[in-house]
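The next block holds one structure in the form of structure tokens; read it before the comments.
Protein chains in written order, with my numbering: chain A, 27 to 388; chain B, 9 to 194; chain C, 6 to 156.
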């Protein structure tokens with residue numbers, strides 16, 4: 027029997043009020059401001075922007091505050107907000123070669139034009155808790171040195187000159203957009219890169235790690251990792267020319283992968299690519315490894331049944347908002363569904379029992 | 009750029025586009041019903057109804073085909089500023105606007121695919137008259153409805169392709185009526 | 006074609022500068038330089054987004070990376086000049102100030118605004134960039150060759 031029920035408004039309202047109170051916590055402790063989140067929890071802000079697929083540090087900071095630091099909930103808020111905005115257009119592809127690099131390292135060449143620039147990295151810290159920070163965060167003075175003028179060329183350019191690495195020729199086909207049209211299989215590289223750029227960091231990291239451990243191995247070197255600001259330029263139809271409409275900080279990773287050659291391709295180095303909003307090299311490197319694993323078909327490699335090679339598996343499970351939406355919905359009322367399951371189990375039970383009785387009688 | 013080509017848009021975009029959308033939806037839901045649409049002041053030769061329609065339905069994601077007379081500098085500049093819709097040929101458009109003759113031939117437009125029947129074009133037909141005429145039947149019509157149409161055969165062919173096909177909106181001055189692909193022209 | 010490009014280079018440069026200015030900065034500089042003229046909206050300030058694209062392998066086919074927030078508006082001042090603004094972020098007041106500067110840059114006030122609004126803005130942004138670049142340069146690794154015991 028189906029009985030429609032209604033109710034819970036009062037309970038929901040009270041739950042929201044309590045949530046707000048818990049969010050604020052002890053009022054004897056100073057309230058967290060958005061500027062504090064933006065400045066001091068910058069890497070959280072960056073992750074929310076990258077996976078929320080919307081670059082706006084103020085909005086990301088608000089989302090983090092509202093979600094009590096639950097980053098996936100914050101990403102959800104950003105995604106929801108994003109859908110309400112009219113889109114004015116698409117930028118020209120950003121030129122990461124012209125990036126003002128805060129950090130730029132290569133694991134493949136020690137001496138390269140532009141040098142190894144460490145930037146503000148955790149890499150060489152001892153990973154020991156710094157109890158001084160718990161007391162008061164005094165900031166040491168940052169050293170400065172005269173910077174070299176000019177652009178820092180991409181590392182892959184050097185290998186390109188020798189013809190030892192696959193080319194990535196320029197092409198201006200308008201890319202498909204996952205936020206406008208559903209993902210279709212087989213997905214081309216542009217769709218895959220968009221999906222990976224907004225994919226869950228943890229899921230991408232796990233998949234990338236699996237390729238390193240042998241599931242679809244494609245021995246990767248970080249050819250180059252760079253973090254810095256690039257201008258965003260867009261054509262303005264009513265003006266008839268393009269102007270810079272802003273600037274974003276990006277993390278870019280280009281991997282150089284060993285490749286023995288295939289039926290269609292000569293032995294050479296192949297490439298994986300990662301590009302992410304904000305500063306997130308773990309995500310950018312992971313993205314590059316997974317991008318490379320997904321390229322098995324176009325490079326004529328064998329499908330080894332590895333999860334990271336399976337575009338359908340990767341792309342349909344990488345989005346943490348889709349995943350959390352479907353996963354968490356099962357905690358919401360399913361009274362009617364469950365009622366029918368219950369009826370079914372009871373019926374099967376009755377049938378099994380009566381069958382046994384009949385068997386015993388015979 | 010002249011500021012005249014930049015005027016004539018919605019003065020209150022949120023409200024006017026919502027009202028216009030409501031009228032267009034009603035027209036589509038009740039084929040043959042005439043609705044009024046006059047919030048925009050487009051440059052000639054676009055009618056007020058067609059101009060309002062375009063401002064409401066088009067943006068940078070909706071490729072638009074301008075057929076015949078409406079493909080002029082004034083209209084191009086006005087649409088570029090107010091909608092940013094990319095101008096394309098009939099084969100790649102989501103919306104097309106022009107007179108019936110200028111819009112021909114109909115087989116040039118996308119009619120959708122069986123997976124995505126919605127990936128088809130909507131034709132905005134600028135008409136010199138809009139009133140009673142052919143008999144319409146189908147979803148959204150109680151018994152029959154009457155609407156003046158430029159011809160009959162083309163719409164019967166279009167109806168036969170359902171669920172694929174084109175949708176039509178006829179505009180005349182500040183009035184419009186719609187003929188979705190589901191409507192039968194008797 | 007070359008002339009066409011040059012014709013817009015100047016305006017491109019100032020619009021780009023205005024787009025990247027910090028919150029409230031253009032308003033402050035504008036109000037310090039000139040009394041704001043009366044204007045009519047052609048398009049009231051509107052908040053939206055722009056899809057940012059990258060290229061696979063930095064140089065290959067484009068893909069959609071994610072969006073940025075953008076505020077735009079257009080207005081006309083008494084002289085008939087039309088000012089456009091497309092700026093990063095969600096500040097309608099900043100968009101209005103940027104569009105006013107764009108319109109006024111097409112009038113006799115251009116040189117005055119160049120000196121009092123655009124130049125200070127350019128210098129501030131360049132200074133901020135130079136400081137960051139200098140900090141990055143200080144973290145550049147200097148390698149030393151160690152003696153190798155090969156023989």
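No residue lacks a Cβ here, since even glycine has one placed at the ideal position from N, Cα and C.
The structure displayed is predicted, hence computed values, not measured ones.
Using beta-carbon distances, residue 259(A) does not count as an interface residue toward chain B, since no partner is under 7 Å.
By the criterion of a C-beta distance shorter than 6 Å, residue 293(A) is surrounded in its chain by 286 and 287, once the five residues flanking it on both sides are discounted. If you check each beta-carbon in the segment 177-211 of chain A against every beta-carbon of chain B, the ones closer than 8 Å belong to 206. If you check each beta-carbon in the segment 91-107 of chain B against every beta-carbon of chain A, the ones closer than 7 Å belong to 92.
Using a Cβ-Cβ cut-off of 7 Å, residue 73(C) counts as an interface residue toward chain A, since at least one Cβ of chain A sits closer than that to its own. Of all residues in the segment 258-292 of chain A, only 258, 259, 260, 262, 264, 265, 266, 267, 268, 269, 270, 271, 272, 273, 274, 276, 278 and 280 place a beta-carbon less than 9 Å from a beta-carbon of chain C.
Residue state for residue 47(C) is assigned as strand, using DSSP reduced to three classes. Burial is judged here by how many other beta carbons sit within 10 angstroms of a residue's own beta carbon; residue 91(C) has at least 16 and is buried. Inter-residue distance for residue 105(B) and residue 63(C) is about 39 Å (C-alpha atoms, whole angstroms).
The secondary-structure analysis by DSSP pairs residue 175(B) across a beta bridge with 130(B). Within the same chain, and ignoring the five residues on either side of residue 145(A) in sequence, the residues whose Cβ sits closer than 7 Å to its Cβ are 128, 129 and 253.
Sorting 108(B), 142(B) and 150(B) by C-alpha distance to the C-alpha of residue 194(B) places 142(B) at the top. The criterion of a C-beta distance shorter than 7 Å is not satisfied by residue 79(C) and residue 170(A). Listed in chain order, the beta strand (DSSP E) runs fully inside the segment 108-157 of chain A are 113-116 and 126-131, counting runs of at least 3 residues. Chain-order list of chain B residues neighbouring residue 112(A): 67, by C-beta distance under 7 Å. Among the residues facing chain C, residue 111(B) is not included, as its CB has no counterpart in that chain under 7 Å away.
For residue 95(A), no pairing in a beta bridge is given by DSSP. With the criterion set as a beta carbon lying under 8 Å from some beta carbon of chain B, the members of the segment 81-98 of chain C are 81, 85 and 87, in sequence order. The Cβ atoms of residue 34(C) and residue 122(C) lie closer than 7 Å to each other. By the C-beta density criterion, residue 53(C) is buried, having at least 16 other C-beta atoms within 10 angstroms. Of all residues in the segment 244-256 of chain A, none is placed with a Cβ closer than 8 Å to any Cβ belonging to chain B.
Closer than 7 Å to the CB of residue 68(C) there is at least one CB belonging to chain A.
The beta carbon of residue 49(B) is closer than 6 Å to those of 16 in its chain, skipping five residues each way along the sequence. Under the Cβ criterion of 7 Å, residue 58(C) is counted among the residues facing chain A. When 77(A), 374(A), 81(A) and 187(A) are compared, the shortest CA-CA separation from residue 313(A) is found for 77(A). By the C-beta density criterion, residue 44(A) is exposed, having fewer than 16 other C-beta atoms within 10 angstroms.
Taking 7 Å as the cut-off, the Cβ atoms of residue 89(C) and residue 107(C) count as close.
With fewer than 16 other CB atoms across the displayed protein chains lying within 10 angstroms of its CB, residue 139(A) is exposed. Between the beta-carbon of residue 60(C) and that of residue 195(A) there is about 10 Å, and that puts the pair past the 8 Å contact cut. DSSP, reduced to helix, strand and coil, places residue 130(C) within a helical segment of the structure shown. Rounded to whole angstroms, the separation of the alpha carbons of residue 89(B) and residue 141(A) is 46 Å.
At least one beta carbon of chain B lies nearer than 7 Å to the beta carbon of residue 115(A). For residue 298(A), the enclosing beta strand (DSSP E) starts and ends at 296-303.
Among the CB atoms of chain C, none fall inside 7 Å of the CB of residue 62(B).
Residues of chain C whose Cβ lies closer than 8 Å to the Cβ of residue 17(B) are, in chain order, 47 and 48.
Pairing residue 154(B) with residue 139(B), the inter-Cα distance amounts to about 8 Å.
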